[in-house]
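Below: one structure, written as structure tokens.
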């Protein structure tokens, strides 16, 4: 069974702190994604990666960076946390789309509160 | 600019009846559409998908209909069960694209 694991379910940090959110997948997927979910806004893509050390900005990358040193691990970094980054963060992975229509698989999310 | 829109934030249905969740999209390049279901404190789970070469796809109680000319898709759940109560996200992709675009979600309540 596919598995995407996010390191923390709940996290509370202070304004200005550097925050690391970790995600690991065991499906040997090429693609990994970070989203945030906010009420009324759905899932918005922050960053994604299609290979080790490769990264692409999503729709809302400001204030975030990512790291992908190994295929199975994708980290989201809040460089200097702010209160407007309080949200549910969701990691997902998916196979390289060679024409086969295949869905992404999500982790259970990290609810991050910035005080 | 929302490319995938779910205009109903919530829907309430009696157990045993049909639930119909709607979704509209604006990008005619989308050729693959998905529905995800999300319970509180869990990540979204894939439910059903449809390719743009089809207009209907069924999987048990779940059927997705696609109307390309209207840029509209819908998810039908028959019969609805209390365990179906969740947030449902509509999503869309285009061939060769990495990104999946999600709608804002519709919260479904199925009353026993």
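Chains as they are written, first to last, in our numbering: chain V, 40 to 154; chain E, 5 to 116. Positions of the beta carbon are idealized from the N, C-alpha and C atoms, including for glycine. None of the values given here were measured: they were computed from a predicted structure.
Using the DSSP secondary-structure output, state which residues sit across from residue i in a beta bridge.
i: residue 112/V; result: 63/V and 109/V
i: residue 128/V; result: 75/V and 149/V
i: residue 39/E; result: 52/E and 94/E
i: residue 43/V; result: 64/V
i: residue 115/E; result: 18/E
i: residue 68/E; result: 61/E and 79/E
i: residue 110/E; result: 92/E
i: residue 95/V; result: 87/V
i: residue 117/V; result: 58/V and 103/V
i: residue 123/V; result: Bridge partners of residue 123/V: none, in fact.
i: residue 70/V; result: 133/V
I want to see whether chain V comes within less than 8 angstroms of residue i, judged by CB atoms only; does it?
i: residue 113/E; result: no
i: residue 121/E; result: Not covered by the structure: residue 121/E. The range shown for chain E is 5 to 116.
i: residue 64/E; result: no
i: residue 44/E; result: no
i: residue 53/E; result: yes
Can you find the residues in the same chain that come closer than 6 angstroms, C-beta to C-beta, to residue i, ignoring five residues on each side of it along the sequence?
i: residue 26/E; result: 78
i: residue 54/E; result: 37, 61, 68 and 70
i: residue 33/E; result: 98
i: residue 52/V; result: 58, 120 and 153
i: residue 31/E; result: 7
i: residue 49/E; result: 41
Should residue i go down as buried or exposed, given a rule of 16 or more other Cβ atoms within 10 Å for buried?
i: residue 105/E; result: buried
i: residue 81/V; result: buried
i: residue 45/E; result: exposed
i: residue 11/E; result: exposed
i: residue 117/V; result: buried
i: residue 135/V; result: exposed
i: residue 96/V; result: exposed
i: residue 75/V; result: buried
i: residue 16/E; result: exposed
i: residue 23/E; result: buried
8 angstroms is my cut-off, CB to CB: does residue i come that close to chain E?
i: residue 60/V; result: no
i: residue 103/V; result: no
i: residue 115/V; result: no
i: residue 64/V; result: no
i: residue 134/V; result: no
i: residue 89/V; result: yes
With a CB to CB cut of under 8 angstroms and the five nearest residues on each side skipped, what residues in its chain are close to residue i?
i: residue 92/V; result: 107 and 108
i: residue 87/V; result: 70, 71, 72, 73, 94, 95 and 97
i: residue 18/E; result: 84, 114 and 115
i: residue 107/E; result: 6, 8, 9, 10, 27, 93, 94 and 95
Less than 7 angstroms between C-beta atoms, sequence neighbours within five positions excluded: which residues of the same chain meet that for residue i?
i: residue 109/E; result: 10, 91, 92 and 93
i: residue 55/V; result: 119 and 120
The segment 61-77 of chain E contacting the segment 121-128 of chain V, beta-carbon criterion three pairs below 8 angstroms: Contact annotation: the segment 61-77 of chain E does not touch the segment 121-128 of chain V, with fewer than three C-beta pairs closer than 8 angstroms.
Cβ pair count under 8 angstroms reaching 3, the segment 111-124 of chain V against the segment 52-70 of chain V: Verdict: yes, contact present.
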